[in-house]
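Undergrad: Mapping of the sequence shown onto our numbering: position 195 corresponds to residue 344, and the numbering continues sequentially without gaps.
Just so you know, even glycine gets a beta-carbon here, dropped at the ideal spot from N, CA and C.
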Amino acid sequence: MRCLVTGATGFLGGGVVRGLWAAGHEVVAYVREGSDSRALRDVDRVVGDMGDPNRLASAAAACDVMVHAAGVADPAAHPDTLGWAHVAGTENAINAAKQAGCRRFVHISCADATMHDGPRSFWTEAEAPQRPYGELARTKLHSEELARVSGKQGFWTIALRPGLVWGPSDTTHLPLWKAEAESGGIRLVGGGKKLLATTYIENLAHAVQCALRTTVTTGNVYYVVDTELSVSREFFTELSEALGWGPPKSAGPYWWAWFASRAGLSSLHPTQVIRRGRTSAFDMSRAKQDLGYEPIVTRRQGLAELAKWYRQVQGSP
150 MRCLVTGATG
160 FLGGGVVRGL
170 WAAGHEVVAY
180 VREGSDSRAL
190 RDVDRVVGDM
200 GDPNRLASAA
210 AACDVMVHAA
220 GVADPAAHPD
230 TLGWAHVAGT
240 ENAINAAKQA
250 GCRRFVHISC
260 ADATMHDGPR
270 SFWTEAEAPQ
280 RPYGELARTK
290 LHSEELARVS
300 GKQGFWTIAL
310 RPGLVWGPSD
320 TTHLPLWKAE
330 AESGGIRLVG
340 GGKKLLATTY
350 IENLAHAVQC
360 ALRTTVTTGN
370 VYYVVDTELS
380 VSREFFTELS
390 EALGWGPPKS
400 AGPYWWAWFA
410 SRAGLSSLHP
420 TQVIRRGRTS
430 AFDMSRAKQD
440 LGYEPIVTRR
450 QGLAELAKWY
460 RQVQGSP
């Protein structure tokens with residue numbers, strides 16, 4: 150298939166591009182003017198922004214699929230920025246894909262779309278809080294709805310919800326974790342005893358490829374996460390060890406971390422406190438049944454690949 154990928158110079162979009170390219174698909178990368186696209190190498194590139202649906206439609210010409218991976222990952226971003234990137238940007242992408250004659254639209258959302266100040270213990274796609282916490286979650290959920298209801302005969306839509314995405318080329322979470330590690334250790338909320346849903350970047354890219362093959366009804370949403378379940382202490386301890394960082398440290402009980410983040414007494418954003426201090430574990434049955442999705446990279450393998458990449462970037466032997 151010929152696929153246009155938005156957000157192609159970002160962490161998620163870049164991983165999707167690599168996966169599609171390796172699987173033999175034709176790929177067109179939609180990149181912002183001035184962004185560093187050197188990692189895309191031989192991939193066809195079109196320069197434009199999400200505010201120009203005509204440019205998007207032109208880039209998607211002759212494409213079978215648009216994979217919409219553009220977005221803002223920072224929960225502290227201004228609400229207008231998040232609304233523009235996730236809601237208006239997704240609407241523009243959908244309209245452009247239709248105008249270009251794409252047959253499929255794959256929307257990369259995130260598990261944060263259902264975030265709230267409480268546990269999400271083995272939630273299915275049918276479960277959701279009355280009101281997600283934070284503008285990041287609300288705009289992500291809104292963008293999912295746009296994708297979900299836009300499907301029709303001849304235009305098939307799907308939304309994928311990865312957990313905390315990690316792996317090589319991470320420009321989203323890794324720099325923040327590194328800064329924490331250099332300041333005494335990645336902080337654990339509530340002792341790091343709650344389950345943490347993660348998605349290795351290659352597993353997300355694999356889920357996209359599964360979405361290209363499925364023939365199920367349009368408009369569905371799917372959780373796509375790693376096989377391994379672990380509490381946040383285990384994940385961040387293994388991550389720190391793999392990258393040669395010091396061990397994580399306590400950020401205190403959940404109630405204190407929550408209060409401190411909201412009162413400006415901590416550099417952790419409330420969204421980060423919820424991610425680390427509330428259970429997030431999701432039922433992948435729907436993705437397995439409808440998409441044939443099974444994670445292809447284990448956490449151990451992923452940590453080895455991440456460590457290898459990190460040493461190369463840092464210039465270590």
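1) If you drop the 5 nearest sequence neighbours on each side, which residues of the same chain put their C-beta closer than 7 Å to that of G232?
2) Pull up the distance between the alpha-carbon of T230 and that of A172, whole angstroms please.
3) Between V380, A436, D375, which has its C-alpha nearest V314's C-alpha?
4) What does D193 pair with, by DSSP beta-bridge criteria?
5) Specify whether the region 161-171 and the region 312-332 touch according to this definition: at least 3 beta carbon pairs, one from each stretch, less than 8 Å apart.
6) How is L345 classed by DSSP in three states: helix, strand or coil?
7) List the DSSP bridge partners of A430.
8) With a cut-off of 8 Å, do at least 3 Cβ pairs link the region 360-378 to the region 326-339?
9) Any chance you could list the alpha helix (DSSP H) runs of at least 4 consecutive residues sitting entirely within the region 219-300, in chain order?
10) Terminal residues of the continuous alpha helix (DSSP H) containing T386?
11) Rounding to the nearest angstrom, what Cα-Cα distance links E294 and T306 in this structure?
12) Alpha carbon to alpha carbon, what distance is there between A328 and R269?
13) List the DSSP bridge partners of C152.
14) Residues bridged to T306 by DSSP?
15) Based on the DSSP secondary-structure assignment, which residues constitute the bridge partners of S399?
16) For W326, tell me which candidate among Q450, Y459, G267, A308 has the shortest Cα-Cα distance.
17) Which residue comes first and which comes last in the beta strand (DSSP E) that contains Y371?
18) Opposite L313 in the DSSP bridges: which residues?
TA: Taking the geometry as given:
1) T288
2) 34 Å
3) D375
4) V177, per the DSSP bridge assignment.
5) yes
6) If DSSP states are grouped into helix, strand and coil, L345 belongs with the strands.
7) S270
8) Cβ pair count under 8 Å is below three, so no.
9) The qualifying runs are 228-232, 238-249, 283-298.
10) 381-391
11) Going from the Cα of E294 to the Cα of T306 covers about 11 Å.
12) 28 Å
13) Its beta-bridge partners are V176, V214.
14) F254
15) L337
16) Y459
17) 369-373
18) T347
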